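For reference, the structure discussed in these notes is given below.
Residue numbers (my numbering): 700 to 772.
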């Protein structure tokens with residue numbers, strides 16, 4: 700049985716997820732958001748745990764599957 704995922708993402712986690720989905724690196728995300736690289740890493744670690752994934756590609760895939768991200772034209 701699949702472990703239930705905690706979908707309560709913070710606004711910052713969702714923002715980082717959206718930027719990750721656009722293909723940005725952690726250093727780029729930190730610069731855009733005006734936060735440290737370490738802070739981005741910490742947010743992504745929490746985000747990955749909540750989504751039950753191990754990397755950015757899995758996080759983006761799961762987010763689309765759950766409807767957290769939408770395809771933008």
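Glycine included, every Cβ here is placed at the ideal spot set by N, Cα and C. None of these values were measured; they are calculated from a predicted model.
Separation of residue j from residue i, as counted between CA atoms
i	j	result
residue 740	residue 767	20 Å
residue 754	residue 747	7 Å
residue 760	residue 722	13 Å
residue 750	residue 770	19 Å
residue 762	residue 734	23 Å
residue 729	residue 717	13 Å
residue 738	residue 708	16 Å
Cβ neighbours of residue i in the same chain (closer than 7 Å, five flanking residues each side left out)
i	result
residue 742	711, 712, 715
residue 726	736
residue 752	758, 761
Segment limits, alpha helix (DSSP H) that includes residue i
i	result
residue 739	736-750
residue 771	No alpha helix (DSSP H) holds residue 771; DSSP gives it neither H nor E.
residue 716	710-720
Cβ neighbour criterion (16 or more within 10 Å) applied to residue i
i	result
residue 731	exposed
residue 720	buried
residue 758	buried
Close Cβ partners of residue i (< 8 Å) along its chain, the five nearest in sequence each way excluded
i	result
residue 706	749, 765, 767
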